[in-house]
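Going by my numbering, the sequence shown opens with residue 325, and the numbers climb by one from there.
Have a look at the structure below before the remarks.
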Amino acid sequence: MPQTPHVERHFTASERVRDVVIGMSDGLTVPFALAAGLSGAATSTGIIITAGLAEIAAGSIAMGLGGYLAAKSDAEHYAMERVREEREVIEIPDAEAAEVRDVLETYGLTEQESEPIVKALSQRPKAWVDFMMRFELGLEQPDPRRALASALTIAGAYVVGGLIPLGPYFFSSSAKAGLLLSVAVTLMALMLFGYVKGRFTGAGRWRSALQTVLIGGLAAGAAFVIARAIA
325 MPQTPHVERH FTASERVRDV VIGMSDGLTV PFALAAGLSG AATSTGIIIT
375 AGLAEIAAGS IAMGLGGYLA AKSDAEHYAM ERVREEREVI EIPDAEAAEV
425 RDVLETYGLT EQESEPIVKA LSQRPKAWVD FMMRFELGLE QPDPRRALAS
475 ALTIAGAYVV GGLIPLGPYF FSSSAKAGLL LSVAVTLMAL MLFGYVKGRF
525 TGAGRWRSAL QTVLIGGLAA GAAFVIARAI A
């Protein structure tokens, strides 16, 4: 009887999704809070739009640069640790072999069961280093294009997220009308974003949606109340 081949489908775009989440969550929240705060003190939509666009530009650049530097730092850290491991398997192979045994013991292998693996790795220096990087240090080799891709993804997601709460002001005759429309549109966007984020991250979808709405709503509400109190 023919058997259907078992095919495992794993989600492999976690880094890209993480970048989108970082950029979109801040893009939805910060310009939303800024626009709400300005709406509490200003009556002109022009002022809100100008300030909002300036914040989106500055925020996307700052967030993108932060993502770029973080990814570059990960790559540099990996390269530094790999050089150290390459040196250690040559200079202190006995100590490195003992570390391999320690790692394998955490998976339930006995010393006798570990010995053939240790011996095989000792004859393959590159594989030995790969093993130590992954299982001792928990490091995966970063994609060399990761830094630029991360920067562009975070910055782009921030811009998209920021234009959602700011967009209604382009079509409103007053700051009050723009605020009401912005609140409705942004809260729906926050809920949808939180739901989708929960699906990709494995968290509860509706729990993630409600948390996202709550955080964004509190930030915007606090900014509006403070602006009204000062104005």
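Every residue gets a Cβ at the ideal spot worked out from N, C-alpha and C, and that includes glycine.
Taken atom to atom, the span from the alpha-carbon of L505 to that of Q535 is near 21 Å. In summary, F495 is exposed, with fewer than 16 beta-carbon neighbours lying within 10 Å of its beta-carbon over all protein chains present.
For S338, the enclosing alpha helix (DSSP H) has its first and last residue at S338 to S363. Nearest C-alpha to L516 among S497, A499, G540 and I414: G540. In this structure, DSSP gives P466 a state outside helix and strand, which the three-state scheme calls coil. Counting other Cβ atoms within 10 Å of its Cβ, I346 reaches 16 or more and is therefore classed as buried. Between M387 and A473, the C-beta spacing is not below 9 Å. Fewer than three Cβ pairs drawn from the region 461-468 and the region 354-361 lie within less than 8 Å of each other, which leaves the two stretches out of contact.
Here W530 is exposed, its C-beta having fewer than 16 other C-beta atoms within 10 Å. Between G351 and S384, the C-beta spacing is below 9 Å. By the beta-carbon neighbour count (other beta carbons within 10 angstroms, threshold 16), R470 is buried. Selection V424, V453 and L377 evaluated against E439 yields V424 as nearest (Cα-Cα). Between the C-alpha atoms of L389 and E415 there is a straight-line separation of about 39 Å.
Look at F459 here: in three-state DSSP terms it is helix.
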